[in-house]
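Shown next, in structure tokens, is the structure this report addresses.
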Amino acid sequence: MTRTRREIPADVKDWIAETTGAERIEVKQVPGGASRQAWFVDADDQALFLRYDPREPQPGGAFHRLQVEAEIMAELHRHGVTVPRVVAAHPEIQAVLLQRVDGETWFRLIADPDEQVRTAQDFIAKLAVLHRIDARRLQIPSLGPAGPVDGHVRAEIAAMRRRVDAGGKPAPLLRFCIDWLERNVPDYDGPTVLVQGDTGPGNFMYADGAVTAIVDWELAHFGDPMDDIAWLSLRTVQDTFTDFPARLAEYERASGHRIDPQRVWYYRLFAETRLASVSPGSIDVRASAPAGSPDAGNRLIYGMLHRRLLVEALAHVVGIPEVHVDFPDADHRSEYAAVYDAAAAAMASAAERATDGLALRYIKGAARLVKYLAEVDRIGPIIDAQETAELATFLGSTPASVSEGRAALAELAGRGEIDQRDYVAQLWRGIKRDDYLTRTASGALSRRTWPPLTHPGNVPATARC
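Going by this note's numbering, the sequence shown opens with residue 14, and the numbers climb by one from there.
Take a look at the structure:
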């Protein structure tokens, strides 16, 4: 069977030809971009990069339209920030044509530790350049004028709440987080900066120890510089970014912004809540693997990672110490274990033969689903029985399921009938169990958490504000 080559729509290809004046247009889809498609475009002798989203933009969505992202990058390029040059933005279709920049994306692929450090240091220097720009000088009509930070924060919290309301689902955990964020906006009157959002490894390109471009500005907004530090720490969980406290000390010196741990923790919860508001119902779903998605396995593990990081940040800001959960030992074994093992082995063999990057990603994702289901089959009922017994102590009776029990507990918390610390602690125990079921599918991700902001025994460095 001959495999059909993936192509962009004809009207997008025609637009590229008209924009560039090229007679020969060749395209190749490449991995990258969690929510938008990425394509290499060769237009005669021009090496370009296409960001394309075939979906209709949702009013009030968390992510900017690609045209807005292009507007942001064009203005930053004018101010000397290391971003790709914008060639053109389609006036109607969500398609943006950029200068193609040489370099790799995944930080973990750097084998030389010294090169890792050089690359990370260069990114910190470039982030500091962004944060030294007076946001009032930036002309980005779609974002409006830059004002005091607390106004921008409250506006985004209101947008999160509207997204949750529009979702039409209960989302008790998410509403709890939004309420807490609204009550505890940091008292900060320092400079307003343009926050990239989702900044850090995976969202910049590099070559030979230097950052060649900072990419993905779909979450950019005006705000507190600590907002970006929180995002950087989130990206660091996914793709370890050398010695994080050392990089923050360099950031302080280069940017003039002092690291404020309390504000960083606030924005850690802020970032995770903002991401969760994109799909409000999913944050309360124990295992989020959307039907029909070829990438469901990877969505499962990253969804679990973000749920865990959210509740860890929530527990920290509320002031709850680490909770303890007993897990079943390794002696429990499913009678179907051999079938799960065979399925995983078959997918591993298929992955070895895959030559298409996206196909390889999907196969590995499917293998993650198999590993997860094997654990649910092995110990799921035991873990559920533990949690329903705990929930019964709050509810007065044993719930029919863990999900029903968690929803009932959230209703009690929402009415103020249980202490918020008790609610968060119980929720944390439950999410720890969900995370335990996902650990074999998640691999190294299951052992990662928010990185420290200082080295042990140190206090945050003092720098100019």
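Note that beta-carbon positions come from the ideal geometry of N, C-alpha and C, so glycine has one too.
I'd like the list of long-range same chain contacts for residue i, defined as Cβ closer than 7 Å, with 5 residues on each side in sequence excluded.
{"i": "residue 221", "result": "none"}
{"i": "residue 239", "result": "273, 276, 277 and 280"}
{"i": "residue 69", "result": "none"}
{"i": "residue 436", "result": "422 and 426"}
When burial is assigned at 16 or more other CB atoms within 10 Å of the CB, is residue i buried or exposed?
{"i": "residue 262", "result": "buried"}
{"i": "residue 384", "result": "buried"}
{"i": "residue 84", "result": "buried"}
{"i": "residue 352", "result": "exposed"}
{"i": "residue 205", "result": "buried"}
{"i": "residue 358", "result": "exposed"}
{"i": "residue 156", "result": "buried"}
{"i": "residue 406", "result": "exposed"}
{"i": "residue 349", "result": "exposed"}
{"i": "residue 121", "result": "exposed"}
{"i": "residue 395", "result": "exposed"}
{"i": "residue 268", "result": "buried"}
{"i": "residue 139", "result": "buried"}
{"i": "residue 230", "result": "buried"}
Tell me the DSSP secondary structure of residue i in three-state form.
{"i": "residue 107", "result": "coil"}
{"i": "residue 230", "result": "coil"}
{"i": "residue 474", "result": "Bear in mind that a pLDDT of 46 at residue 474, under 50, signals an unreliable position, so the model cannot answer this."}
{"i": "residue 21", "result": "coil"}
{"i": "residue 55", "result": "strand"}
{"i": "residue 76", "result": "coil"}
{"i": "residue 257", "result": "helix"}
{"i": "residue 298", "result": "coil"}
{"i": "residue 65", "result": "strand"}
{"i": "residue 424", "result": "helix"}
{"i": "residue 454", "result": "helix"}
{"i": "residue 3", "result": "As displayed, the chain neither begins before 14 nor continues past 478, which places residue 3 out of reach and without an answer."}
{"i": "residue 340", "result": "coil"}
{"i": "residue 152", "result": "coil"}
{"i": "residue 236", "result": "strand"}
{"i": "residue 117", "result": "strand"}
{"i": "residue 466", "result": "coil"}
{"i": "residue 372", "result": "helix"}
{"i": "residue 39", "result": "strand"}
{"i": "residue 112", "result": "strand"}
{"i": "residue 385", "result": "helix"}
{"i": "residue 100", "result": "strand"}
{"i": "residue 50", "result": "strand"}
{"i": "residue 243", "result": "helix"}
Rounding to the nearest angstrom, what Cα-Cα distance links residue i and residue j in this structure?
{"i": "residue 160", "j": "residue 34", "result": "41 Å"}
{"i": "residue 184", "j": "residue 36", "result": "51 Å"}
{"i": "residue 162", "j": "residue 207", "result": "10 Å"}
{"i": "residue 448", "j": "residue 379", "result": "18 Å"}
{"i": "residue 355", "j": "residue 388", "result": "15 Å"}
{"i": "residue 78", "j": "residue 91", "result": "20 Å"}
{"i": "residue 337", "j": "residue 402", "result": "15 Å"}
{"i": "residue 178", "j": "residue 39", "result": "43 Å"}
{"i": "residue 443", "j": "residue 386", "result": "18 Å"}
{"i": "residue 424", "j": "residue 53", "result": "49 Å"}
{"i": "residue 326", "j": "residue 194", "result": "12 Å"}
{"i": "residue 217", "j": "residue 316", "result": "22 Å"}
{"i": "residue 341", "j": "residue 131", "result": "43 Å"}
{"i": "residue 345", "j": "residue 391", "result": "7 Å"}
{"i": "residue 27", "j": "residue 429", "result": "59 Å"}
{"i": "residue 215", "j": "residue 168", "result": "28 Å"}
{"i": "residue 433", "j": "residue 192", "result": "12 Å"}
{"i": "residue 22", "j": "residue 431", "result": "54 Å"}
{"i": "residue 450", "j": "residue 298", "result": "14 Å"}
{"i": "residue 454", "j": "residue 24", "result": "40 Å"}
Give every residue of the same chain whose Cβ lies closer than 8 Å to the Cβ of residue i, excluding the five residues on either side of it in the sequence, and list them in chain order.
{"i": "residue 404", "result": "411, 412, 415, 418, 419, 421, 422 and 439"}
{"i": "residue 311", "result": "374, 377, 378 and 381"}
{"i": "residue 398", "result": "none"}
Give me, in chain order, the residues of the same chain whose beta-carbon lies closer than 6 Å to that of residue i; leave out the 5 immediate sequence neighbours on both sides.
{"i": "residue 87", "result": "99"}
{"i": "residue 370", "result": "44"}
{"i": "residue 60", "result": "113"}
{"i": "residue 318", "result": "458"}
{"i": "residue 243", "result": "277, 280, 281 and 284"}
{"i": "residue 30", "result": "38"}
{"i": "residue 227", "result": "95, 96 and 217"}
{"i": "residue 164", "result": "none"}
{"i": "residue 49", "result": "64 and 66"}
For the ligand MN, any of its heavy atoms closer than 8 Å to the Cβ of residue i?
{"i": "residue 454", "result": "No copy of the ligand MN occurs in the structure displayed, which carries no ligand at all."}
Using a Cβ-Cβ distance cut-off of 9 Å, determine whether residue i contacts chain C.
{"i": "residue 363", "result": "No chain C is part of this structure, which consists of one protein chain only."}
| Stretch-stretch touch, CB-based, cutoff 8 Å, three pairs: the stretch 197–208 with the stretch 259–278 | yes
| query | Within the chosen definition, does the stretch 56–68 reach the stretch 98–113 through at least 3 CB pairs nearer than 8 Å? | reply | yes
| request: For the stretch 163–173 and the stretch 115–134, state whether three or more C-beta atom pairs, one from each stretch, are separated by less than 8 Å. | output: no
| task | Take every Cβ of the stretch 321–328, pair it with every Cβ of the stretch 459–466, and state whether three or more of those distances are shorter than 8 Å. | result | yes
| Would you call the stretch 294–304 and the stretch 240–260 in contact, with 3 or more CB pairs under 8 Å? | no
| query | How about the stretch 276–292 and the stretch 135–150: do they share at least three Cβ pairs that are nearer than 8 Å? | reply | no
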